[in-house]
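Below is one structure, written out as structure tokens, with a few remarks after it.
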Amino acid sequence: MPLDLQKEAPDLAAIPGGATGQVVHTYEIPKRSRRPGQPTKVGMVELTAKDELLASKLGGDDLRAVQFEAAKRAVRFLDGKRTTSDAVDEWWDACGSPVRALVMTAYARLSSPAEGDADVFLQSVEVSTL
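Residue numbers (the numbering used here): 12 to 141.
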């Protein structure tokens with residue numbers, strides 16, 4: 012069953028204060044991974060601290076559920092159209108395990124420091140006494 016993209020959200024740029032300036036990372040879903048009738052592209056953003064906290068609350072004590080919720084919350088566009096969280100939930104259920112794994116991998120990369128940055132950060136420590 013094709014996803015109903017008519018549930019898309021309004022254009023945020025047309026709403027005063029609606030544009031967030033967030034960078035959207037758009038990924039093309041490989042044909043062999045996606046199901047017929049499903050979107051071919053997914054657009055994701057880095058989550059705000061508030062979004063990450065909400066994903067943690069929704070996932071509870073289950074780390075995998077928290078990861079699922081965070082990855083889902085990062086999805087803001089399907090086939091180039093801004094979408095709602097309800098439409099993302101519907102798509103998430105319908106897209107299949109391979110696509111969910113791809114989205115979770117993309118989210119992990121979006122939310123991780125660039126290679127080498129953790130080492131630079133940790134090596135920059137300055138120790139002092141109070």
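Even glycine gets a Cβ: it sits at the ideal position worked out from N, Cα and C. Since we're looking at a predicted model, the values are computed, not measured.
* Asked: Is it right to say A24 is buried, meaning 16 or more other beta carbons lie within 10 angstroms of its own, or is it exposed?
  -> Start at 1 with the first residue of the sequence shown, and residue 24 comes out as number 13. Here A24 scores only 49 on pLDDT, less than 50, and its place in the model should not be relied on; the value that follows carries that caveat. Classification of A24: exposed, given that the 10 Å Cβ count is below 16.
* With a 10 Å radius around its C-beta and 16 neighbouring C-beta atoms as the bar for buried, classify G32 as buried or exposed. => Indexing the sequence shown from 1 puts residue 32 at position 21. Classification of G32: exposed, given that the 10 Å Cβ count is below 16.
* To do: Find out if the Cβ-Cβ distance for the pair A66, V56 is shorter than 7 Å.
  => Position 55 of the sequence shown, counted from the start, is the residue given in the question as residue 66. Position 45 of the sequence shown, counted from the start, is the residue given in the question as residue 56. It is not a contact, given that the beta carbons lie outside the stated cut-off.
* Three-state class that DSSP yields for G127 in the structure shown -> Residue mapping note: residue 127 aligns to position 116 of the sequence shown, counting from 1. Annotated three-state conformation of G127 is coil, per DSSP.
* Asked: Where does T116 fall in DSSP's three states?
  -> Mapped onto the sequence shown, residue 116 falls at position 105. Taken through DSSP and simplified to helix, strand or coil, T116 comes out as helix.
* Residue environment, S139, which counts as buried when at least 16 other CB atoms sit within 10 Å -> By 1-based counting over the sequence shown, the position of residue 139 is 128. With a 10 Å radius around the Cβ and a threshold of 16 neighbouring Cβ atoms, S139 comes out exposed.
* beta strand (DSSP E) segment containing E101, residue limits -> The sequence position of residue 101 within the sequence shown is 90, counting from 1. Note, E101: premise wrong, no beta strand (DSSP E); alpha helix (DSSP H) at 96-105.
* To do: Compare the beta carbon distance of V110 and V99 with 7 Å and say whether it is the shorter of the two.
  => As a first step, residue 110 is located in the sequence shown; it is residue number 99 there, counting from the start. As a first step, residue 99 is located in the sequence shown; it is residue number 88 there, counting from the start. In this structure, V110 keeps its C-beta atom at 7 Å or more from the C-beta atom of V99.
* To do: Indicate whether D90 and K52 have their beta-carbon atoms separated by less than 7 Å.
  => On the sequence shown, residue 90 is found 79 positions in, with the first residue counted as 1. On the sequence shown, residue 52 is found 41 positions in, with the first residue counted as 1. Closer than 7 Å, so yes.
* Assigned exposure category for A125 - 16 Cβ within 10 Å defines buried -> Against the sequence shown, residue 125 aligns to sequence position 114. Burial call: exposed.
* What do you reckon, are the CB atoms on E80 and L69 nearer than 7 Å? -> Position 69 of the sequence shown, counted from the first residue, corresponds to residue 80. Position 58 of the sequence shown, counted from the first residue, corresponds to residue 69. In terms of Cβ geometry, E80 and L69 form a close pair [threshold 7 Å].
* Asked: Should D62 and R84 be called a contact, given that it needs their Cβ atoms to be closer than 7 Å?
  -> As a working mapping, residue 62 is identified with position 51 in the sequence shown. As a working mapping, residue 84 is identified with position 73 in the sequence shown. Remark: C-beta atoms of D62 and R84 approach each other more closely than 7 Å.
* To do: Can you tell me which of the three DSSP states L4 falls into?
  => It is not possible to answer for residue 4, since the shown part of the chain is limited to 12 through 141.
* Asked: Taking the C-alpha atoms as reference points, what is the distance between W102 and E137?
  -> Counting from one through the sequence shown, the residue named residue 102 turns up at place 91. Counting from one through the sequence shown, the residue named residue 137 turns up at place 126. Straight-line spacing of the CA atoms in W102 and E137 works out to 47 Å.
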